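**Q** Our numbering puts the sequence shown at residues 20 to 994. What follows is a single structure, and I will ask about it in a moment.
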Amino acid sequence: MQSASDRHEYPAHWEADVVLRDGGTARIRPITVDDAERLVSFYEQVSDESKYYRFFAPYPRLSAKDVHRFTHHDFVDRVGLAATVGGEFIATVRYDRIGADGMAATAPADEAEVAFLVQDAHQGRGVASALLEHIAAVARERGIRRFAAEVLPANNKMIKVFTDAGYTQKRSFEDGVVRLEFDLEPTERSLAVQRAREQRAEAHSVRRLLVPGSVAVIGTGRTPGGVGRSVLGNLREAGFTGALYAVNKAFPEDLEELDGVPAHRSVRDIDGHVDLAVVAVPADHVPEVVTECGEHGVQGLVVLAAGYAESGPDGRERQRELVRHARAYGMRIIGPNAFGVINTSPRVRLNASLAPQMPRPGRIGLFAQSGAIGVALLSRLHRRGGGVTGVTGVSTFVSSGNRADVSGNDVLQYWYDDPDTDVALMYLESIGNPRKFTRLARRTAAAKPLVVVQGAGSAPQGHAVRATRLPHATVSALLRQAGVIRVDTITELVDAGLLLARQPLPRGPRVGILGNSESLGLLTYDACLSEGLRPQPPLDLTTEASAEDFHSALARALADETCDAVVVTAIPAIGEASPGDSELAQALRSAAAAGPAKPVLVVHVELGGLAAALSAATSTAPRARTATPDTGAAEPGAPRTGTKAPGATGPGTTGPGTTGPGTTPTAPTATGTPPAPAAEAAAEAPEGAHLIPAYPAAERAVRALAEAVKYAQWRREAADPGKVPEHEDIDEKGAAALIGRLLARGQGLTLGPDETCDLLGRYGIPVRRSIPAPTPDEAVQAAAALGYPVALKATAPHLRHRADLGGVRLDLADEEQLRRAYTELTELFGAPHELRPVVQVMAPRGVDTVVRAVIDPAAGAVLSFGLAGAASQLLGDMAHRLIPVTDRDATSLVRSIRTAPLLFGWRGSTPVDTPALEELLLRVSRLVDDHPEVVAVTLEPVVVAPHGLSVLGASVRLAPPPARDDLGPRTLPAY
Numbered sequence: 020m021q022s023a024s025d026r027h028e029y030p031a032h033w034e035a036d037v038v039l040r041d042g043g044t045a046r047i048r049p050i051t052v053d054d055a056e057r058l059v060s061f062y063e064q065v066s067d068e069s070k071y072y073r074f075f076a077p078y079p080r081l082s083a084k085d086v087h088r089f090t091h092h093d094f095v096d097r098v099g100l101a102a103t104v105g106g107e108f109i110a111t112v113r114y115d116r117i118g119a120d121g122m123a124a125t126a127p128a129d130e131a132e133v134a135f136l137v138q139d140a141h142q143g144r145g146v147a148s149a150l151l152e153h154i155a156a157v158a159r160e161r162g163i164r165r166f167a168a169e170v171l172p173a174n175n176k177m178i179k180v181f182t183d184a185g186y187t188q189k190r191s192f193e194d195g196v197v198r199l200e201f202d203l204e205p206t207e208r209s210l211a212v213q214r215a216r217e218q219r220a221e222a223h224s225v226r227r228l229l230v231p232g233s234v235a236v237i238g239t240g241r242t243p244g245g246v247g248r249s250v251l252g253n254l255r256e257a258g259f260t261g262a263l264y265a266v267n268k269a270f271p272e273d274l275e276e277l278d279g280v281p282a283h284r285s286v287r288d289i290d291g292h293v294d295l296a297v298v299a300v301p302a303d304h305v306p307e308v309v310t311e312c313g314e315h316g317v318q319g320l321v322v323l324a325a326g327y328a329e330s331g332p333d334g335r336e337r338q339r340e341l342v343r344h345a346r347a348y349g350m351r352i353i354g355p356n357a358f359g360v361i362n363t364s365p366r367v368r369l370n371a372s373l374a375p376q377m378p379r380p381g382r383i384g385l386f387a388q389s390g391a392i393g394v395a396l397l398s399r400l401h402r403r404g405g406g407v408t409g410v411t412g413v414s415t416f417v418s419s420g421n422r423a424d425v426s427g428n429d430v431l432q433y434w435y436d437d438p439d440t441d442v443a444l445m446y447l448e449s450i451g452n453p454r455k456f457t458r459l460a461r462r463t464a465a466a467k468p469l470v471v472v473q474g475a476g477s478a479p480q481g482h483a484v485r486a487t488r489l490p491h492a493t494v495s496a497l498l499r500q501a502g503v504i505r506v507d508t509i510t511e512l513v514d515a516g517l518l519l520a521r522q523p524l525p526r527g528p529r530v531g532i533l534g535n536s537e538s539l540g541l542l543t544y545d546a547c548l549s550e551g552l553r554p555q556p557p558l559d560l561t562t563e564a565s566a567e568d569f570h571s572a573l574a575r576a577l578a579d580e581t582c583d584a585v586v587v588t589a590i591p592a593i594g595e596a597s598p599g600d601s602e603l604a605q606a607l608r609s610a611a612a613a614g615p616a617k618p619v620l621v622v623h624v625e626l627g628g629l630a631a632a633l634s635a636a637t638s639t640a641p642r643a644r645t646a647t648p649d650t651g652a653a654e655p656g657a658p659r660t661g662t663k664a665p666g667a668t669g670p671g672t673t674g675p676g677t678t679g680p681g682t683t684p685t686a687p688t689a690t691g692t693p694p695a696p697a698a699e700a701a702a703e704a705p706e707g708a709h710l711i712p713a714y715p716a717a718e719r720a721v722r723a724l725a726e727a728v729k730y731a732q733w734r735r736e737a738a739d740p741g742k743v744p745e746h747e748d749i750d751e752k753g754a755a756a757l758i759g760r761l762l763a764r765g766q767g768l769t770l771g772p773d774e775t776c777d778l779l780g781r782y783g784i785p786v787r788r789s790i791p792a793p794t795p796d797e798a799v800q801a802a803a804a805l806g807y808p809v810a811l812k813a814t815a816p817h818l819r820h821r822a823d824l825g826g827v828r829l830d831l832a833d834e835e836q837l838r839r840a841y842t843e844l845t846e847l848f849g850a851p852h853e854l855r856p857v858v859q860v861m862a863p864r865g866v867d868t869v870v871r872a873v874i875d876p877a878a879g880a881v882l883s884f885g886l887a888g889a890a891s892q893l894l895g896d897m898a899h900r901l902i903p904v905t906d907r908d909a910t911s912l913v914r915s916i917r918t919a920p921l922l923f924g925w926r927g928s929t930p931v932d933t934p935a936l937e938e939l940l941l942r943v944s945r946l947v948d949d950h951p952e953v954v955a956v957t958l959e960p961v962v963v964a965p966h967g968l969s970v971l972g973a974s975v976r977l978a979p980p981p982a983r984d985d986l987g988p989r990t991l992p993a994y
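In structure tokens, the structure reads:
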């Protein structure tokens, strides 16, 4: 607990954990009066040169007056922050508010001087950059808009910290000192710099966990069995390339080795450095282990122990304390309750998990929170039968358990620039920070496919994150907008992953179909139509087709410029000329290799051997490096062949689907029969052969292809995302002033009709006027003012937007019709005060639509569009985009709903003015983006006519905007 300094309470919300450039963590917090001894100790460890740069003169020690000044702050005009590791200071930053004369001042002065001091041992870790982000956020909160800093010209490191931050700045030189002044308002460049640093830091923090140079398994049992002993055995069997240690405080003092691994009673007893500790002790003993690891300099932990947030309130508090404890020492955690991590790279060969066998090396990255789901994913990728047939390799695997610290976002940061990963597969039981995940997913998907199964669960137990209010379907739609390939099951996850890892992206939706079964070809044709693809008539090669027939037909299909992808269907054939599995696989591979780069898929029935042969057992890994004659180790940079790195499974090694050393894989096929030709086909696979994914059902193959087509289209569109148009008729300042006046009334309010029309009108969104009509005479007066024809509407909540209930009367041409309609409404639904009738001028006929915008605390601002009435209310046919919306987003938004044909002349109807609709969407987006105080907008109905549109109903809600985590400084999730 920290105590307050001078005037204000201790600002606990300024405390934050951050990831530094090298992947370690530090805690940033305000400096208080309790920190005097820490400050003195910190200053004594700073070099004389750094002290000189800070004070512009020799300054060997701090005086009592200095210590008092640097530890007593009012948290408004004078603020100091410290970065700590292990509870000790490693860096400090402070600001002092100054006036125009450069002297100490109070608000409303909006400038402050800022100064840093970083311990020499921690320079180069990005500590100052992180502190600058946090002190700038604090200053903005306290009404400071500009920082000034004076730096000696020789202090290049600190000058670089300021100049690289991306803020708008001014630089001058006077009296031998460089003076830097910069605005604190985030800019596009400062946010880009911040996010680039975030990516490098978080990726490095995961790299320290997945590419360790040494591993200690803590809790290794003395007898076979048990979690710790199993993990130790898995590491040994995988051939981990680094140093390995077994640790158990119950080991006899004279025990030096366990299973050939150095044995120690404590991590402290290990002479060498330990990068990663796998913690396999009961939860009650974990705090002691964390302390030992932190004091020994361990960089990261994989905590396998259960008994944390999944076990109830006490476990949640135990989990929070575990995270706080580990981060205090600069360590990151995978877990607790984790299944473990795997890295199949021949440079690492890490199996720090409960998986008894190492997956084959490959190009697919896997992330799952649940250990059970992780096992299922590994199994489906590994086996030749049951799921998608064929062997596909894994680059890295992370099963995060309770996801208390390292999350899917962190792993995504690592995969983004990981050269060993081409496709990312993720099973997410929940998305704790949709705004950040969407941002990271969009960037990753632009470089490599990201396939996600999204559960409908809540945030992980123990997480202090904002919960999204958006429906599950809306979040899914936003993920698709970000380029995520969103699937519903782990079977579909693997299906899509196999195709994307093995084949090029299709250039369009045109599909050629060929095979030796007419019925299977027709099933494939129908499946293509169901998935929105454009199949060509199937080519039936008949059951007498030879391997050469398949080769020729596939070569012609690939050469056809009207074909973007080919699905080959194959069933067992009878006759002497019928090709064997390996012969057919070779024919298909050679045709695919010789033809243009187009995806090829195979749908097989009762041909498990064909699926195995197509996979060729070299999986999705790069061609294996040539082994040296004496050791068999891979030579860096050598061309890859079919050989495996030591410790990897596959032909000639023991692994899933093998019976022992030297045997070849014999995984069962879809029918449960071992495919005899599999190993032979694998050995015969030519170097660089195309690996063709095989599927046991046409629907699965086509669904995977359809996802690849949509992803390829997204990639093409992402290269030109469009722009946010400028509108010269928008009165942004006037709208801001109006919002300020309205919010002065209270914290949140729904605007009245006149205020709504005023605000929307400033953004070029006219709303058709409606006049309350509490009596028939007032209805007649309103109609006279508006001009006939008019509409009479009941606006009571249970009747609003419910024309189907009869609460609306249209095209009332005169007073007689209006009075008759008024009488009918009151007789049907009750007294006027219950109906709340209004009179509104008639709008041109068209299609009724609805436009909504909402600011979600987790996902951010979202724009939604659909047809009014049953389509959106009953069927949920709404499309969604993140704000700000570009012109291309608006165009696709209108066309994304299932009922979009009604806007474009369905069944001979007149097409409506969709450009006017897109213009409206862009203006609503701009309103919400310019003014985050506008937390909800609903326009319903919006009648889109053949020429123009009419907004007949509108509501706007204002409130203080929710905090924008993505605009603040980098932080790890709080506990």
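Every residue, glycine too, gets a C-beta built ideally from N, C-alpha and C. None of the values given here were measured: they were computed from a predicted structure.
Answer with buried or exposed for P1012, where buried requires no fewer than 16 other C-beta atoms within 10 angstroms of its C-beta.
**A** Outside the shown range of the chain, which is 20 to 994, sits residue 1012, and nothing can be said about it.
**Q** Taking Cβ positions, are T775 and V975 nearer each other than 8 Å?
**A** yes
**Q** Between R284 and K268, how many whole angstroms is the CB-CB distance? I'm expecting something under 8 Å.
**A** 5 Å
**Q** If you draw a straight line from the alpha carbon of P979 to that of T990, how long is it in whole angstroms?
**A** 23 Å
**Q** Measuring CB atoms only, is the segment 734-742 touching the segment 762-773, in the sense that at least three cross pairs come out at less than 8 Å?
**A** no
**Q** Thinking C-beta only, is V622 closer than 8 Å to T543?
**A** yes
**Q** Helix, strand or coil: how does DSSP classify G433 here?
**A** The residue you asked about is not Gly; residue 433 is Tyr in the sequence shown. Helix.
**Q** Quick check on DSSP: helix, strand or coil for G551?
**A** The answer is coil: DSSP assigns G551 none of H, G, I, E or B.
**Q** Could you check whether P49 and G99 sit closer than 8 Å to each other, using their CB atoms as the reference points?
**A** yes
**Q** Which residue wins for smallest C-alpha separation from W733, given the options P525, D559, A887 and Q605?
**A** When C-alpha distances from W733 are compared across P525, D559, A887 and Q605, the shortest belongs to P525.
**Q** Are the segment 169-176 and the segment 150-160 in contact at 8 Å, needing three or more beta carbon pairs?
**A** They do not touch, by the three-pair rule.
**Q** Drop a sphere of 10 angstroms on the beta-carbon of T18, count the other beta-carbons inside from all chains shown, and report buried for 16 or more, exposed for fewer.
**A** Limits of the chain in this structure are 20 at one end and 994 at the other, which puts residue 18 out of reach.
**Q** How many whole angstroms separate the CB atoms of A887 and V869, which I take to be in contact at a CB cut-off of 8 Å?
**A** 5 Å
**Q** Express the C-alpha separation of H153 and R942 in angstroms, rounding to a whole number.
**A** 34 Å
**Q** Which of the three DSSP states, helix, strand or coil, is assigned to P960?
**A** strand
**Q** Between the segment 956-970 and the segment 855-868, are three or more C-beta pairs nearer than 8 Å?
**A** yes
**Q** For R227 and A262, what's the separation of their Cα atoms in angstroms?
**A** Approximately 15 Å, taken between the alpha carbons.
**Q** How big is the Cα-Cα spacing for I711 and T242?
**A** 45 Å
**Q** Thinking C-alpha only, which one of A613, T845 and T111 is nearest A102?
**A** T111
**Q** Just to confirm, are R458 and G502 a CB contact at a threshold of 8 Å?
**A** no
**Q** For A993 and E448, I'd like the C-alpha separation in whole angstroms.
**A** 20 Å
**Q** What residue ranges within the segment 261-344 form continuous alpha helix (DSSP H) runs of no fewer than 4 residues, ordered along the chain?
**A** 305-315
**Q** Count the other CB atoms within 10 Å of the CB of K189; is the residue buried (16 or more) or exposed (fewer)?
**A** Label assigned to K189: exposed.
**Q** Taking the DSSP output, what are the residues bridged to Y714?
**A** V622
**Q** If we count the other Cβ atoms within 10 Å of its Cβ and call it buried at 16 or more, is S66 buried or exposed?
**A** exposed
**Q** First and last residue of the beta strand (DSSP E) that includes E130?
**A** E130 to V137
**Q** In chain order, what residues of the same chain have a beta carbon less than 6 Å from the beta carbon of S969, not counting five sequence neighbours either side?
**A** R787, A862 and V962
**Q** What residue from G527, D202, S82 and V293 has the CA that sits closest to Y19's CA?
**A** Because residue 19 is not part of the residues shown, which for the chain are 20 to 994, the question remains open.
**Q** Let's see if you can read the secondary structure: which residues bound the alpha helix (DSSP H) around N253?
**A** V246 to A257
**Q** For L203, is the classification buried or exposed, using 16 other Cβ atoms within 10 angstroms of its Cβ as the cut-off for buried?
**A** buried
**Q** Pick from Q836, P808, G381 and F456: whose alpha carbon is nearest that of D439?
**A** G381
**Q** What's the C-alpha gap between S426 and V954?
**A** 29 Å
**Q** To the nearest angstrom, how far is it from the Cα of M897 to the Cα of R553?
**A** 25 Å
**Q** Give the DSSP-derived three-state secondary structure of S928 in the structure shown.
**A** coil
**Q** Using CA coordinates, which residue listed in D93, L136 and G42 is at the minimum distance from E68?
**A** It is L136 whose Cα lies nearest to the Cα of E68.
**Q** Alpha carbon to alpha carbon, how far is E207 from D906? Give it in angstroms, no decimals.
**A** 20 Å
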